[in-house]
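These notes concern the structure reproduced below.
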Amino acid sequence: MNKLPNLSPKAFEALSAYIDSQLSPEESIAVEKRLSSSVSYQKHYERIKAMRTAMRALPKHKAPRNFILTRAEAAEAKRGRNWSRAFGLAFSLCAVFLVVLLGYDGLSNGLFAMKKEAPSEASVALYTTDMDESAQTLEPESPQAISARDMKDDSSDQPVLLSWGNPTSKDVMAGGSIEQADTIEENRMFTSQSSSSIDPGETSYRNGIAPEMLTEDGLVKIFLNDPETGLIHICDPIYGCGLGGGGSVESNDFPMTEETEPLDIQSGVHLVDPNRIYYDPVRGNYFLCASMVSCNAQSLVAETNDEVQHENAFPLILGLDHENEGELISASPQFTQDIPEPETAPYEEAYPEQPLTGPCDNDSDHQIYLQDQLNLWLKIGAAGLAILFGIIWLIIRRR
Amino acid sequence: MDENTLIQLAKKGELDAFNQLILMYQDMAFNVAYRIMNDEAQAADATQDAVISMYRRFDTYRGGSFKAWFMRIVTNACYDALRWQKRRPTIALEPETDDGERIESPYWLEDNEAKPDEELEKKELEAAIQHCINALPNKFKTVFLLIDVNGDDYETVAQSIQRPVGTVKSRLSRARQRMQKCLQGFGELLPDIFRLNAKNDDEQVTEPIP
């Protein structure tokens with residue numbers, strides 16, 4: 001006795017649906033064609049049909065009683081429905097509330113992102129220029145600028161030193177002599193005694209500039225010390241000096257334009273190494289020193305009328321912003337360990353700490369923190385209640 | 001009153017209209033419940049639960065075949081009851097062997113000598129079929145009972161189970177395959193027509209069935 005080969009699931013399904021008249025005309029034709037050609041297929045057809053007939057011939061179990069509802073049962077059913085509705089509504093409200101909270105958070109973060117403070121550093125202006133036919137393309141940044149920035153306190157608002165002009169091969173006006181400070185190890189200061197006025201468009205250099213007065217990339221600063229006023233005039237090979245004639249602008253506040261009047265040469269022109277400039281924040285004096293230990297009254301480059309207090313001095317890098325027509329900007333003071341802190345740090349003067357009036361009551365950060373906490377707990381509460389009501393609702397529904 | 005009118009009235013809260021609808025289909029519903037639960041008392045409880053559930057949420061009935069809706073709620077009530085039973089096993093109503101194993105189909109152990117052969121054969125067949133129905137997965141069982149036992153059409157069943165007609169077709173086919181395979185195990189208890197073994201040498205088949 002051989003077993004009837006099995007039908008594939010697809011073939012069985014087609015035959016099953018054919019028996020129930022659930023095939024399309026084309027599918028029915030295909031099945032009928034196969035039925036007429038395959039004995040085993042026909043056997044399967046008979047089996048399925050017989051089983052279906054037997055199923056439908058099974059005795060029908062009639063309801064042992066009526067399942068209709070009495071008035072009392074109907075009222076009870078409605079009461080249960082009301083509870084179900086109530087918890088369903090509560091669940092929905094909590095869920096909606098949670099979604100609103102989350103949505104509000106999302107919108108807040110997206111649209112009202114916390115404002116970050118603008119970088120306190122001034123943008124570094126890269127500068128290139130051709131001073132004349134023989135001028136070299138300037139380095140984008142002087143080593144002093146780089147060193148100043150590296151040593152700068154990151155939290156400081158002080159601008160970064162910029163590069164500025166290369167010295168040209170122009171001759172310094174004749175007649176000048178090098179004046180050396182006793183305590184300066186190398187020749188650093190030059191004084192021009194020429195009576196010629198200084199052309200704002202170009203700056204004269206004294207012959208024989210000591211290499212030590214130049215930066216590694218050949219940059220140099222020129223400071224003009226006005227002994228009458230004690231002010232420093234910053235001169236630039238490109239923009240020249242500003243406020244000639246003993247201008248009334250104080251140091252570090254020295255906008256320079258191209259239209260500057262010639263400076264009185266009697267004031268003297270000093271070529272200095274900017275790395276050697278030390279600033280006394282107490283007195284506002286500038287010293288040109290080989291190092292702190294070699295700073296004394298003779299090192300004074302520019303002074304106020306007050307007594308010199310060089311022990312409070314610290315190195316100061318000065319530069320000119322050529323992007324802003326030579327406006328003077330300064331790098332941060334560079335504190336070293338052996339330099340005592342000034343009595344009044346410039347930053348602290350500029351940004352005095354605001355005393356709190358109470359235990360963080362007026363602290364806006366704390367207010368924000370409290371708000372965030374409230375928001376978080378509201379979300380947790382809404383989620384928890386939604387889950388609780390949802391579970392109760394499902395249980396009631398199933399009863 | 002016709003069915004649609006009764007439905008409209010029941011939606012408005014008329015209890016009598018609702019009860020009329022129940023009376024129209026309660027036998028069919030109970031029969032399906034019985035085939036699922038395999039126990040008259042449990043089937044009655046499931047049917048009653050289904051009726052209460054229907055009354056409670058009658059306003060959610062969106063039209064279509066009322067019979068399909070009734071069958072769906074009844075089958076769901078039955079499966080819920082079966083799940084509850086699984087979590088809370090009750091004392092078996094079926095007799096057990098000395099080892100504590102349930103005898104699933106005790107019918108064959110009954111003393112049937114007094115019953116006519118034809119009736120006996122019918123009982124044996126019903127028991128075998130019920131045994132195989134019990135073994136079907138729920139989703140196949142529902143479709144199989146509604147179509148092959150209840151006699152519903154594919155569209156009505158599709159509404160009941162809320163699936164496309166193609167799904168109904170597929171599930172029914174697989175249910176029938178399983179039923180055939182299960183029924184083979186009863187061998188001589190079954191009429192010849194259910195046996196897939198070839199009876200005579202004439203029925204040898206050699207061609208493959210793709």
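From first to last, the protein sequence lines stand for chains A and B. Going by our numbering, the residue at position 279 of the first sequence is 279; the numbering climbs one at a time, nothing skipped. Going by our numbering, the residue at position 64 of the second sequence is 64; the numbering climbs one at a time, nothing skipped. In this text, a Cβ means the ideal position worked out from N, Cα and C, and glycines have one as well.
Scan the region 14 to 25 of chain B for residues whose Cβ lies nearer than 8 Å to a Cβ of chain A and list them as they occur along the chain. Listed in sequence order: LEU15, PHE18, ASN19, ILE22 and LEU23.
Contact check, B:ILE250 vs A:LEU69 under 8 Å by CB: the rounded distance? Chain B is shown from 1 up to 210; residue 250 of chain B falls before or after that span and cannot be answered.
B:MET37 and B:SER160: beta carbons closer than 9 Å? Contact flag unset, no.
Could you tell me which whole beta strand (DSSP E) segments of length 3 or greater appear in the region 39 to 88 of chain A? Fully enclosed beta strand (DSSP E) runs of 3 or longer: not present.
Against chain B, does A:ALA54 count as a neighbour if the rule is that its beta carbon must be under 9 Å from one of theirs? Answer yes: the Cβ-Cβ gap between A:ALA54 and chain B drops below 9 Å somewhere.
Continuous alpha helix (DSSP H) stretch holding B:LYS139: start and end: Counting along the chain, the alpha helix (DSSP H) containing B:LYS139 begins and ends at 138 to 144.
Among B:GLN162, B:LYS181 and B:GLN130, which has the Cα closest to the Cα of B:ARG35? Of the candidates B:GLN162, B:LYS181 and B:GLN130, B:GLN130 places its Cα closest to the Cα of B:ARG35.
A:ARG56 versus A:GLU76: straight-line alpha-carbon distance, rounded: Cα to Cα, A:ARG56 sits roughly 38 Å from A:GLU76.
Sorted by chain position, which residues of the same chain lie with C-beta nearer than 8 Å to B:GLY64's C-beta, five sequence neighbours on each side aside? Within the same chain, B:GLY64 has close Cβ partners GLN159.
Stretch pair the region 171 to 188 of chain B + the region 125 to 144 of chain B: three plus CB contacts closer than 8 Å: The count of Cβ pairs closer than 8 Å, one atom from the region 171 to 188 of chain B and one from the region 125 to 144 of chain B, reaches three, so the stretches are in contact.
Are there 16 or more other CB atoms within 10 angstroms of the CB of A:HIS44, so buried, or fewer, so exposed? Here A:HIS44 is buried, its C-beta having at least 16 other C-beta atoms within 10 Å.
Any beta-carbon of chain B closer than 9 Å to the one on A:ALA77? Chain B, which has a Cβ nearer than 9 Å to the Cβ of A:ALA77, makes this yes.
Same chain only: Cβ atoms within 7 Å of A:PRO5, ignoring 5 sequence neighbours per side: For A:PRO5, the CB contacts under 7 Å within the same chain, skipping 5 residues up- and downstream, are SER40 in chain order.
Flag this pair as touching only if the region 31 to 39 of chain A and the region 119 to 137 of chain B have three or more C-beta atom pairs under 8 Å; answer yes or no. With the rule of 3 Cβ pairs closer than 8 Å, the region 31 to 39 of chain A does not count as touching the region 119 to 137 of chain B.
Along the chain, where does the alpha helix (DSSP H) containing B:VAL241 start, and where does it finish? Residue 241 of chain B cannot be examined here, being either before or after the span of chain B that is shown, 1 to 210.
Go ahead and pull the three-state DSSP assignment for B:MET1. Residue state, collapsed to three classes: coil.
Residues of the region 23 to 55 of chain B whose Cβ lies closer than 7 Å to any Cβ of chain A, in chain order: For the region 23 to 55 of chain B, which is checked against every Cβ of chain A, the residues closer than 7 Å are LEU23, GLN26, ASP27, PHE30, ASN31, TYR34, GLU40, ALA44, THR47, GLN48, VAL51, ILE52 and TYR55.
Output the boundary residues of the alpha helix (DSSP H) element that contains B:ASN76. Unbroken alpha helix (DSSP H) run through B:ASN76: 66 to 87.
Within its chain, find whatever has a CB closer than 7 Å to the CB of A:LEU378; leave out the 5 residues flanking it on each side and keep chain order. Beyond the five residues adjoining it in sequence on each side, A:LEU378 comes within less than 7 Å, by CB distance, of LEU101 in the same chain, given in chain order.
Nearest-angstrom Cα distance between A:ILE400 and A:LEU93? Since the first residue shown for chain A is 1 and the last is 399, residue 400 of chain A is missing from the structure and cannot be characterised.
Among B:PHE30, B:PHE66 and B:VAL165, the one whose alpha carbon lies nearest that of B:ASP49: For B:ASP49, the closest of B:PHE30, B:PHE66 and B:VAL165 by C-alpha to C-alpha distance is B:PHE30.
Mind checking if B:GLN180 is an interface residue toward chain A, Cβ cutoff 9 Å exclusive? By this cut-off, B:GLN180 is an interface position.
Please list, in chain order, the chain A residues whose beta carbon lies closer than 9 Å to that of B:GLN159. Around B:GLN159, no beta-carbon contact reaches into chain A at under 9 Å, the shortest distance being about 15 Å.
Would you say B:GLY185 lies against chain A (beta-carbon separation less than 9 Å)? For B:GLY185, the answer is no, since every Cβ of chain A falls outside 9 Å of its Cβ.
Expressed to the nearest angstrom, what Euclidean distance is found between the alpha-carbon atoms of A:TRP83 and A:GLN22? Between A:TRP83 and A:GLN22, the C-alpha separation is close to 44 Å.
Short check: CB of B:GLN26 to CB of B:THR47, under 9 Å? Note that the C-beta distance between B:GLN26 and B:THR47 is below 9 Å.
Residues near A:PHE389 by beta carbon distance below 7 Å, same chain, minus five either side: Contacts found: PHE87, ALA90, PHE91 and CYS94.
Tell me which residues share the same chain as B:ILE147 and place their Cβ nearer than 8 Å to its Cβ, disregarding the 5 neighbours each side in the sequence. Cβ neighbours of B:ILE147 beyond the five flanking positions: ASP153, TYR154, VAL157, VAL168 and LEU172.
Distance cutoff 9 Å, beta carbons only. Does B:ILE147 sit that close to anything in chain A? Yes, contact with chain A.
Contacts of A:HIS366 in chain B (Cβ-Cβ under 9 Å): By Cβ distance, chain B contributes nothing, its closest Cβ being about 51 Å from A:HIS366, past 9 Å.
DSSP three-state label for A:GLY106, please. Three-state result, A:GLY106: helix.
I need the DSSP call for B:LEU172, collapsed to helix, strand or coil. Assigned with DSSP and collapsed to three states, B:LEU172 falls in helix.
Does any residue of chain A have a CB that is nearer than 9 Å to the CB of B:GLN177? Judged by the 9 Å Cβ criterion, B:GLN177 is in contact with chain A.
Going straight from the alpha carbon of A:LYS49 to that of A:ILE19, what length do you get? For A:LYS49 and A:ILE19, the gap between their C-alpha atoms comes out near 7 Å.
Using a C-beta to C-beta distance shorter than 7 Å, which residues of chain B count as neighbours of A:SER16? Chain-ordered, the chain B residues with CB closer than 7 Å to the CB of A:SER16 read LEU172, SER173 and ARG176.
By a C-beta neighbour count over all protein chains shown, 10 Å radius and 16 as the cutoff for buried, is B:ILE7 buried or exposed? B:ILE7 should be labelled buried.
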